[in-house]
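So the structure is just underneath, and the comments pick up after that.
So, in structure tokens, the structure goes:
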């Protein structure tokens, strides 16, 4: 399934601007449709979420040392 930037922003409870920034920085993979539209796959969202969990766990490990 594919999601719009607006859909993902609502899901993450953030602004569309934040999602566009994630795409621009390469943190989230999205397909560009036309001039300004993007579609984000479930796989891309899951990969982004896994990376966020990994980073979180890594930071927690540093604090536990």
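In the UniProt record's numbering, the protein residues as written are 1 to 65.
A virtual CB, placed ideally from N, CA and C, is assigned to each residue, including glycine.
Could you tell me the alpha carbon to alpha carbon distance between residue 6 and residue 60, rounded to whole angstroms?
Residue 6 sits at position 6 when you count from the first residue of the chain shown. Residue 60 sits at position 60 when you count from the first residue of the chain shown. Cα-Cα distance, rounded: 31 Å.
Classify residue 45 as buried or exposed, calling it buried when 16 or more other Cβ atoms lie within 10 Å of its own Cβ.
As a position in the chain shown, residue 45 is number 45, starting the count at 1. With 16 or more Cβ atoms within 10 Å of its Cβ, residue 45 is classed as buried.
Got a sec? Which residues, its chain only, sit under 8 Å from residue 12 by beta carbon, not counting five neighbours each side?
What you label residue 12 is simply residue 12 of the chain shown in a count that begins at 1. For residue 12, where only same-chain residues beyond five positions count, the Cβ hits under 8 Å are 18 and 19.
Residue 32 by DSSP, collapsed to three states: which one?
Counting from 1 along the chain shown, the entry for residue 32 is found at position 32. In this structure, residue 32 counts as strand in the three-state DSSP scheme.
Tell me, which residues are paired with residue 60 by DSSP?
The sequence position of residue 60 within the chain shown is 60, counting from 1. None; residue 60 has no bridge partner.
Does DSSP put residue 53 in a helix, a strand or coil?
Walking along the chain shown from the start, residue 53 turns up at place 53. The answer is helix: DSSP assigns residue 53 an H, G or I state.
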